[in-house]
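One structure is given here, and the rest of the page talks about it.
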Ligand SMILES: C[S@@+](CC[C@H](N)C(=O)[O-])C[C@H]1O[C@@H](n2cnc3c(N)ncnc32)[C@H](O)[C@@H]1O
């Protein structure tokens, strides 16, 4: 990484507060998130009056890399650490242990930051989150970046669709397609499961698999394309290739990080995150 480039991997000491675990692949996620936050705030700070960061699944602020003693700042604190600050941070988290630890850490490391916390299920709280997002006006031009980092497919497309209606808002979304979709396909094919229906906002998706028009092995590809199509329908440009995160040793895919912007310039920015990754993790 070039000198002066923001390093999103920020090692910290155990501070005695709650620290959840994350797999070794967490670092890749942190590099992409931190890289984009850095590029976004640096490139946009003079062009917009207000830059807003929204984290729908914030976590506790620190995370321990599983099987090691390494502790890192996680998503919200990485975004707060970027050289140029966002004007507002909206941090959402449903787990009280995580949220309390996050609040304490933010007050300790970033006492000056303008932070609003939203406690609870982000899918259910979407109207409250929208209220918290500053609106664009003739006096104030507002640009937002939303990081979406669920454990599973527990993200309703309706949540993303409603947030996108606030105006200019880029999304970096962790699509837990291999972690969750692949492992649970047979549960999802069952009509009683609503998870995939809500993830892609489509209740008829099973038909193509049941009629044999699509082979089961194409399930992940189908979900990935469907997600892009959904985003295009709500005004997003063709996304750049998704970054696939794999388990290091055995080359098994785990999840995709997908970036969506309403403007080609967002994609240009996202392509630049390449420089935050090591060569074997490259994006394209
Ligand atoms: C995969 S962790 C991500 C943590 C963090 N973004 C990071 O950088 O490591 C998902 C977090 O979302 C929280 N969570 C899970 N479901 C949620 C929901 N429906 N709404 C808000 N938070 C949720 C969990 O408690 C957990 O802290």
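In the numbering used here, the protein residues as written are -7 to 276.
We treat Cβ as the ideally placed atom computed from N, Cα and C, and that holds for glycine.
For clarity, every value in this text was computed on a predicted model and none was experimentally measured.
Ligand 1 heavy atom lying under 7 Å from the CB of residue i
i, result
"residue 280", "Nothing can be reported for residue 280, as the shown portion of the chain is limited to -7 through 276."
"residue 48", "yes"
"residue 71", "no"
"residue 26", "no"
"residue 88", "no"
"residue -1", "no"
"residue 210", "no"
"residue 19", "no"
"residue 55", "yes"
"residue 231", "no"
"residue 84", "yes"
"residue 51", "yes"
"residue 12", "yes"
"residue 115", "yes"
"residue 67", "yes"
"residue 30", "no"
"residue 78", "no"
Sequence-distant residues of its chain with Cβ nearer than 8 Å to residue i (five each side left out)
i, result
"residue 5", "63"
"residue 208", "177, 201"
"residue 121", "46, 48, 82, 84, 110, 114, 155"
"residue 148", "115, 190, 191, 193"
"residue 59", "16"
Within 8 Å, strictly: CB atoms of residue i and residue j
i, j, result
"residue 277", "residue 11", "Because the chain in this structure spans residues -7 to 276, residue 277 falls outside the shown range and cannot be described."
"residue 263", "residue 237", "no"
"residue 114", "residue 49", "yes"
"residue 90", "residue 47", "no"
"residue 32", "residue 137", "yes"
"residue 219", "residue 168", "no"
"residue 234", "residue 248", "yes"
"residue 108", "residue 93", "no"
"residue 278", "residue 156", "Outside the shown range of the chain (-7 to 276) lies residue 278, about which nothing can therefore be said."
"residue 268", "residue 75", "no"
"residue 181", "residue 198", "yes"
"residue 126", "residue 42", "yes"
"residue 222", "residue 183", "no"
"residue 96", "residue 9", "yes"
"residue 18", "residue 70", "no"
"residue 66", "residue 51", "yes"
"residue 38", "residue 79", "no"
"residue 246", "residue 170", "yes"
"residue 35", "residue 261", "yes"
Where the alpha helix (DSSP H) containing residue i begins and where it ends
i, result
"residue 19", "18 to 36"
"residue 219", "211 to 225"
"residue 55", "Element bounds for residue 55: not the alpha helix (DSSP H) but the beta strand (DSSP E), 54 to 57."
"residue 175", "Here residue 175 belongs to no alpha helix (DSSP H), and DSSP marks it neither H nor E."
"residue 121", "118 to 124"
"residue 143", "Per DSSP, residue 143 belongs to no alpha helix (DSSP H) and is neither H nor E."
"residue 94", "88 to 101"
"residue 152", "149 to 156"
Chain-order list of residues whose beta-carbon lies under 6 Å from that of residue i (same chain, five-residue window excluded)
i, result
"residue 57", "16"
"residue 165", "140, 250"
"residue 185", "179"
"residue 29", "71, 74"
"residue 14", "55"
"residue 98", "107"
Residue span of the beta strand (DSSP E) that contains residue i, given as start and end
i, result
"residue 80", "80 to 85"
"residue 47", "42 to 47"
"residue 139", "134 to 140"
"residue 108", "107 to 111"
"residue 199", "Taken as a continuous stretch (DSSP letters only), residue 199 belongs to no beta strand (DSSP E), being part of the alpha helix (DSSP H) at 198 to 202."
"residue 278", "Residue coverage of the chain in this structure runs from -7 to 276, which leaves residue 278 outside it and unanswerable."
"residue 208", "Run containing residue 208: none; DSSP gives neither H nor E here."
"residue 163", "161 to 167"
"residue 63", "63 to 65"
Own chain partners of residue i with C-beta closer than 7 Å, once the 5 adjacent residues on each side are dropped
i, result
"residue 195", "189"
"residue 161", "136, 138, 155"
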